[in-house]
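Notes for the one structure printed next.
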Amino acid sequence: MKPKIFILEDDESIRDLYPYILGEENYDMKTFASVKDFNATCHEVPNLYILDVMLPDGNGLEIYRDLQNNPATAKIPVLVMSAHEDAEIVRDNYPNVSFLSKP
Numbered sequence: 035m036k037p038k039i040f041i042l043e044d045d046e047s048i049r050d051l052y053p054y055i056l057g058e059e060n061y062d063m064k065t066f067a068s069v070k071d072f073n074a075t076c077h078e079v080p081n082l083y084i085l086d087v088m089l090p091d092g093n094g095l096e097i098y099r100d101l102q103n104n105p106a107t108a109k110i111p112v113l114v115m116s117a118h119e120d121a122e123i124v125r126d127n128y129p130n131v132s133f134l135s136k137p
């Protein structure tokens with residue numbers, strides 16, 4: 035069974051890059067453009083979450099908090115990405131999150 039990655043990213047051009055970047059690694063990827071779409075799959079559990087911070091209908095850090103409060107998802111790794119200068123905020127307030135700045 036292929037490892038599953040859930041990607042929450044509102045920017046379509048960035049969302050479309052993930053299959054190219056990670057596709058050769060044989061991951062099963064599901065991408066979501068909104069928090070609403072992401073929450074519709076709450077019955078599924080991936081091996082990794084990649085979350086954008088700034089979203090049109092929510093915030094990736096709020097999603098992270100929800101995931102950490104759910105016993106079914108609390109131990110799943112999370113990578114938070116943002117084009118904004120959120121790295122310091124994330125490091126200070128979310129010590130268990132990996133953060134990557136978007137170009």
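Residue numbers for the sequence shown follow the numbering used here, beginning at 35 and rising by one.
Each residue gets a CB set at the ideal place from its N, CA and C atoms; glycine is no exception.
Hey, how far is the Cα of Asn81 from the Cα of Leu56?
-> 14 Å
Quick one: what's got a C-beta closer than 8 Å to Leu89's C-beta in the same chain, skipping five residues either side?
-> Leu42, Asp44, Ser68, Val69
Can you grab the Cα-Cα spacing for the pair Tyr98 / Val112, in whole Å?
-> 7 Å
Helix, strand or coil: how does DSSP classify Lys38 here?
-> DSSP places Lys38 in the strand class (E or B) of the three-state scheme.
Is it true that the CB of Lys64 sits closer than 9 Å to the CB of Ile48?
-> No. Outside cutoff.
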